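S.K.: Using my numbering, the first residue of the sequence shown is number 13, and each one after it goes up by one.
For each residue, glycine too, the CB sits at the ideal point set by N, CA and C.
Computed from a predicted model, the values in this text were never measured in an experiment.
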Amino acid sequence: MNFQITVLKILASYPDGFASMADLKRDMAILATCGPEWAERTKRLGARVPELNVFSQQLVQRIEGGWRITTKGRAILDFIEARPVAAESTAKPRQSPATSRRVAPGVRRSEED
């Protein structure tokens, strides 16, 4: 399980982004024992930002009694969770001669095309 990702996810799940230490510990224990899916998911998400550190990067604030996710922390979490854009295939589909030349959006082809 990726600790950094888990902390961000837990804090983001609270309406104001704040969780007491007791809440954090309870939620972490639940997630740690819910099966391999959570561990695999957080490891996969963590691989997108391998140098992630919630405290030194100011993604989480330590506040008396607990921790709060910052605006920057929410932005990083959104970035991490965004689905990666699939790379375009290197193999080009076969095209008919009529469709092989591209035209900019909003521009009509001439009758010669």
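1) With burial defined as no fewer than 16 other Cβ atoms inside 10 Å of the residue's Cβ, what is the status of Q70: buried or exposed?
2) Run through the DSSP bridge pairs and tell me what W79 is partnered with.
3) Let me know if T83 comes out buried or exposed under the rule of 16 or more other beta-carbons within 10 Å of its beta-carbon.
4) For I88, which residues of its own chain have a beta-carbon under 6 Å away from its beta-carbon, when the five flanking residues on both sides are left out?
5) Verify whether the separation of the beta carbon atoms of L23 and R80 is less than 8 Å.
6) Span of the alpha helix (DSSP H) holding G58?
7) Under 8 Å, with one C-beta from each stretch per pair, do the segment 56–67 and the segment 13–27 reach the 3-pair mark?
8) With DSSP run on the structure shown, which of helix, strand or coil describes T45?
9) Looking only at its chain, what residues have a beta carbon closer than 8 Å to the beta carbon of A126, apart from the 5 residues adjacent to it on each side?
M.R.: To lay it out plainly:
1) As a working note, residue 70 is residue 58 in the sequence shown. Answer is exposed; the Cβ neighbour count stays below 16.
2) By 1-based counting over the sequence shown, the position of residue 79 is 67. Looking at the DSSP assignment, W79 forms a beta bridge with A31, R74.
3) Taking the sequence shown and counting its residues from 1, the one referred to as residue 83 is at position 71. Per the 10 Å Cβ criterion, exposed.
4) Here the question's residue 88 lines up with position 76 in the sequence shown. Cβ within range, chain order: L71.
5) Residue 23 sits at position 11 when you count from the first residue of the sequence shown. Residue 80 sits at position 68 when you count from the first residue of the sequence shown. Yes. Within cutoff.
6) Position 46 of the sequence shown holds residue 58. Counting along the chain, the alpha helix (DSSP H) containing G58 begins and ends at 48–58.
7) yes
8) Residue numbering aside, residue 45 sits at position 33 when the sequence shown is read from its first letter. In the structure shown, T45 sits in coil (DSSP, three-state: anything other than H, G, I, E or B).
9) With the chain covering 13 to 125 only, the question about residue 126 has no answer from this structure.
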